[in-house]
Every structure is written in structure tokens, then in C-alpha cells.
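Below you'll find the structure, written out as C-alpha cells, and then a few comments.
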Amino acid sequence: MSPTWPAGPRRVLVVGIDGVRFDLLPSLHTPHLDAVAGAGFLAAVQVDEATPTMSGPCWATVVTGVGVAKHGVFGNHFGGNRLDVFPDFTTRLAAVHRRRTFAAGGWEPLFLARSGGPLFAAPGRLAYIAPLEDTPEAWEVCDERVTAEAEYVLGRSDDDPQASFVYLGAVDETAHFLGCGEEYRRSVETADARLGRLLAAVRGRAGYAEEEWTVIVVTDHGHLDGGGHGGRTDLERTAWIAACGPGIVPGGPVLPLHHTDVAAHVYAALEIVPDPHWTLDGRPFTPAALPVAVV
Ligand SMILES: [Zn+2]
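Residue 209 is where the sequence shown starts when you use the working numbering, and the numbers rise one by one after that.
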């Protein structure tokens, strides 16, 4: 067995919150997302023309750094995908760079060999926690357990994942059942409180003072007012990314954003220059985070 790569000070946490409307954020109480945005940026992302506004293809693009033409996830059944060629960042970092990685959540095809999955093939540590049924209430319980698990893993220094992805799904489920009304707004605020707990777990780490954390919060697509997505309206196509960390200046310049940029920024945040053979379609979020050109 190869030894694990020595841990430098860099760490990355990506929190994926499914189906959060960009246009509603200013009217919601989301202090933890606001804190990330204040230390860096929050900006809209348009799901590109080739990508269905569905969770499967959008999350695959976020975590692989390539578009649907390469990863081959075109819907919420992941069959026929090319994730073996274009793996997610937790799998690639573990396999190629011997980094400790972690992925957690409750949506089957992201974590299990179901519906053509998993998207997260082989992170160093994986936590799949099933919702007891497909209802908003059961998904809130699921997200709560996912958050507790991630708090535990992120807060400890022994396992020490250098790159993590935590998936929260209750917001999307709520929109599908109840539309984007009061329950949906409350669910977004609950997801923000869970984000706050993950950030507190990071800050509470024994080695936090010596570490350099990048935090990325991202949604995959929007929702129609009545709940639902998959079409090409602005409400469905508008997603967003918020991030802070090394190479991101608060209020500073942000390059035009795409979902593919998330994985590209994860690599940059860990000071890894992507192999050209990966053919990443994304790039880091800011000019300051671009890799130093190899002459
Ligand atoms: Zn989704």
C-alpha cells in the first residue's frame, strides 16, 4: 500500500444543498451562507444549455469538473456514465494523490450502486444515511443525521479529510412536495443552520489555527414556484456558488462561473495542478487561485 500523502495545511469542504433558489436568498435568514459570501463571494451560475436542470447531471458536473458530454450523467438514472474516466474529486484525490477524502449524504445514486450510481465511487470515507421515506420530514431527519456524522468526521483530527463533500437534500424534497412557499423557505434556513454546524466543527478542530480552509457552498439548480425543475426557464437554470478561502479575496474579482469550476477550484485550493489528461472543463473561481503556469 502507498502511504497517505503528507497533510499540508490546506483543507476543502464542499457543502451541496439541493435545489436552492438564488432569487429567494436575499429574503431569507441565512447567516452562515452570508458569512461565507462575506469572506469571499456568492454568485449565480447558469446551468449550461447541454445540461438538463436535474440533480444527477448537475451534481456530476459539480464534483467531476467536466460537463455532461464527458461524464455522461444525463438524468437521475446514472447508467451509461463515464465516471470511471472522469471521477469525482473525492475519488480522484484518494486514488491519485493519496489524500484523505470524505463524502456524506442521503441520495442513493450519489453514494450507492443504485440507479447507475455511485457518483462518489471511492472516497477515503463515505457515509450514506438513507431517508426513511421520500417526504420532506424524513429528508430533514436524514440531513440532520448526515450533518451530525459530518460534524463528527470534520471536527476530529485523526481521520482528517483534506477534501469533503456533504450533501443536504431536504430543501429540494420540500419544493417537490410543497412548492417554494413558507415550508421551503424554512427548509433553506434549516440547511443554513446545518451549514453553520459544519463550519463550527471545522473551526473547533485542534489544528485549526495552522490549517487553511476553503469552504464552497453550491446548489445544483433552481425550482419553479410550484416546485419542479428539469426545464429551461431562468428559475430552473439559475444555480449559485458561494466560496471563501485562500486565493479568494472578499469582494475581489470572480471569473465567470460554471458548475465545472467547483472541482477545478478544489484542486487549486489543495495546490494540485490538474493533469491535462483529466481534461477538466472548469477553472478556479478567481484569478488569484489560478495555478501558476508551468513554463
Ligand atoms: Zn437537485
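Glycine residues also receive a C-beta, built at the ideal position from the N, C-alpha and C atoms.
DSSP beta-bridge partners for residue i?
i, result
"LEU221", "SER372, VAL423"
"TRP448", "ALA252"
"GLY313", "TYR336"
Considering only heavy atoms of ligand 1, does any lie closer than 6 Å to the CB of residue i?
i, result
"ASP428", "yes"
"SER235", "no"
"SER263", "yes"
"GLY314", "no"
"GLY435", "no"
"ASP380", "yes"
"ASP368", "no"
"GLY227", "yes"
Below 8 Å on the Cβ atoms is my contact criterion, and I expect residue i with residue j to pass it. Report the Cβ-Cβ distance as a whole number of Å.
i, j, result
"VAL423", "VAL244", "6 Å"
"LEU236", "SER372", "In fact, because the Cβ distance is near 25 Å, the residues do not count as touching under 8 Å."
"ARG229", "HIS485", "About 37 Å separates the two Cβ atoms, so there is no contact after all."
"ALA409", "LEU362", "5 Å"
"VAL457", "ALA496", "6 Å"
"LEU291", "LEU327", "7 Å"
"VAL425", "LEU403", "6 Å"
"THR494", "GLY460", "6 Å"
Would you check if the distance between the CB atom of residue i and the CB atom of residue j is smaller than 7 Å?
i, j, result
"VAL374", "VAL253", "no"
"PHE310", "PRO369", "yes"
"LEU241", "ASP400", "yes"
"ALA346", "PRO339", "yes"
"GLU479", "PRO217", "no"
"PRO265", "PHE282", "yes"
"GLY227", "ALA383", "yes"
"GLY387", "GLY435", "yes"
"VAL274", "ASP489", "yes"
"ARG353", "ILE337", "yes"
"ALA289", "MET262", "A quick correction: the sequence has Asn, not Ala, at residue 289. Against a cut-off of 7 Å, the Cβ pair of MET262 and ASN289 comes out as no contact."
"LEU406", "ILE225", "no"
"ASP342", "ALA378", "no"
"SER168", "ALA414", "The requested residue 168 is not part of the displayed model; the chain covers only 209 to 503."
"ARG445", "VAL255", "yes"
"GLY332", "ARG308", "yes"
Would residue i pass as an interface residue toward chain D - the criterion being a Cβ-Cβ separation below 7 Å?
i, result
"GLY288", "No chain D appears in this structure, which consists of one protein chain only."
Does any heavy atom of ligand 3 sit closer than 6 Å to the C-beta of residue i?
i, result
"TRP347", "With respect to small molecules bound, the structure shown includes ligand 1 and not ligand 3."
Three or more beta-carbon pairs under 8 Å between the segment 263–270 and the segment 465–484, yes or no?
Flag = yes, the segment 263–270 and the segment 465–484 touch.
Could you check whether the segment 246–261 touches the segment 438–457, counting it as contact only if at least three pairs of C-beta atoms, one from each stretch, sit closer than 8 Å?
Taking a contact to require three or more Cβ pairs closer than 8 Å, the segment 246–261 and the segment 438–457 qualify as touching.
With three or more beta-carbon pairs closer than 8 Å as the criterion, would you say the segment 351–361 touches the segment 291–306?
Segment contact: the segment 351–361 against the segment 291–306, fewer than three CB-CB distances shorter than 8 Å; contact not assigned.
Meets three-Cβ-pair contact criterion under 8 Å: the segment 312–328 and the segment 347–354:
yes
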